[in-house]
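Below you'll find the structure, written out as structure tokens, and then a few comments.
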């Protein structure tokens with residue numbers, strides 16, 4: 001399958017997911033007319049979304065998952081969602097990083113994508129509670145060691161993994177992680193979220209992860225949320241920060257125009273991957 005076909009499939013599934021969330025459920029025949037695709041294509045898309053834990057299939061269509069506020073998909077399941085959007089967000093977010101910074105990366109598949117771009121930024125100190133993020137830097141370090149490079153590579157980083165109890169999304173949380181974070185000070189925090197909204201702020205379905213994320217936010221001079229457009233309007237079980245705690249939101253071009261206007265009313269800066277940056281509000 002070509003990249004264009006993959007992209008179209010991702011866009012189509014994003015539209016289906018938006019429709020399910022907005023209307024509280026959709027029927028297959030409605031989607032075939034709206035998207036101008038076959039019944040079989042819609043059913044395949046619903047199968048994919050159901051496997052990812054994004055929707056629940058019912059006879060003739062799909063509805064939102066019943067326990068959306070407390071349901072936490074695993075890392076692998078979330079990795080398959082909005083892949084193109086996450087990659088675009090990661091590239092845009094990496095441009096915000098200054099060489100020599102102390103950077104914190106929370107758990108999540110978008111921060112995992114970002115970590116791979118940070119390999120090229122020199123002299124970073126990276127603190128993370130994400131096992132996959134830590135593995136990105138460790139794999140790069142081992143690869144450089146095997147190559148027996150004569151000098152320290154340009155993108156080398158000092159990485160600190162917090163420790164703690166592992167969540168379904170491969171984040172380390174709990175008292176050990178909280179104590180490791182609370183005594184540190186970061187130039188910038190890149191934060192992945194389960195949901196973001198005006199009412200719910202930044203939220204997660206995991207109570208222990210909420211507390212660890214609070215410590216991250218309290219320890220950061222600048223808070224940057226990296227979240228694709230499907231996260232807007234989602235509210236998890238526990239809010240760990242209000243929307244005004246966020247300095248910058250980096251998202252993708254799938255974010256609707258009216259939502260962008262709403263975001264700009266509450267945040268200092270909105271960065272849409274692939275589009276020119278707007279001036280940051282004072």
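Numbering (full-length UniProt numbering), first residue to last: 1 to 282. Glycine included, every Cβ here is placed at the ideal spot set by N, Cα and C.
Measure the beta-carbon distance from residue 225 to residue 246 and round it to whole angstroms, keeping in mind my assumption that it falls under 8 angstroms.
-> 5 angstroms
One or two residues paired with residue 283 in a DSSP bridge = The requested residue 283 is not part of the displayed model; the chain covers only 1 to 282.
Sub-7 angstroms separation of residue 119 and residue 140 beta-carbons | yes
Identify every residue that forms a DSSP beta bridge with residue 166.
-> 172
Spatial distance of residue 93 from residue 277 (CA atoms) | 11 angstroms
By the 10 Å Cβ neighbour count, where 16 or more other Cβ atoms means buried, how is residue 321 classified, buried or exposed?
-> This structure leaves residue 321 out entirely; the chain is present only between 1 and 282.
Residues bridged to residue 183 by DSSP?
-> For residue 183, which the question treats as bridged, DSSP gives no partner whatsoever.
Should residue 265 be labelled buried (16 or more other beta-carbon atoms within 10 Å of its own) or exposed?
-> exposed
Counted within 10 angstroms of its Cβ, other Cβ atoms place residue 193 as buried (16 or more) or exposed = buried
Report yes if the C-beta distance between residue 97 and residue 116 is below 7 angstroms; otherwise report no.
-> no
Given 8 angstroms, three or more beta-carbon pairs between the region 122 to 130 and the region 103 to 110 | yes
Spatial neighbours of residue 47 in its chain, beta-carbon cut-off 8 angstroms, leaving aside the 5 residues before and after | 57
With burial defined as no fewer than 16 other Cβ atoms inside 10 Å of the residue's Cβ, what is the status of residue 122: buried or exposed?
-> exposed
Any idea what DSSP makes of residue 203, helix, strand or coil?
-> strand
Beta-carbon gap between residue 271 and residue 253 smaller than 7 angstroms = no
Identify every run of the beta strand (DSSP E) within the region 76 to 126, keeping only runs that are complete inside it and at least 3 residues long; order them along the chain.
-> 102 to 105
Kindly identify the DSSP beta-bridge partner or partners of residue 160.
-> 127
For residue 246, name the three-state secondary structure that DSSP assigns.
-> coil
For residue 7, which of helix, strand or coil comes out of DSSP?
-> In this prediction, residue 7 scores a pLDDT of 46, lower than 50, which makes its location untrustworthy; the coordinate-derived value is nonetheless stated afterwards. In this structure, residue 7 counts as helix in the three-state DSSP scheme.
Alpha-carbon spacing of residue 195 relative to residue 90, whole angstroms | 18 angstroms
Between the beta-carbon of residue 185 and the beta-carbon of residue 238, is there less than 7 angstroms?
-> no
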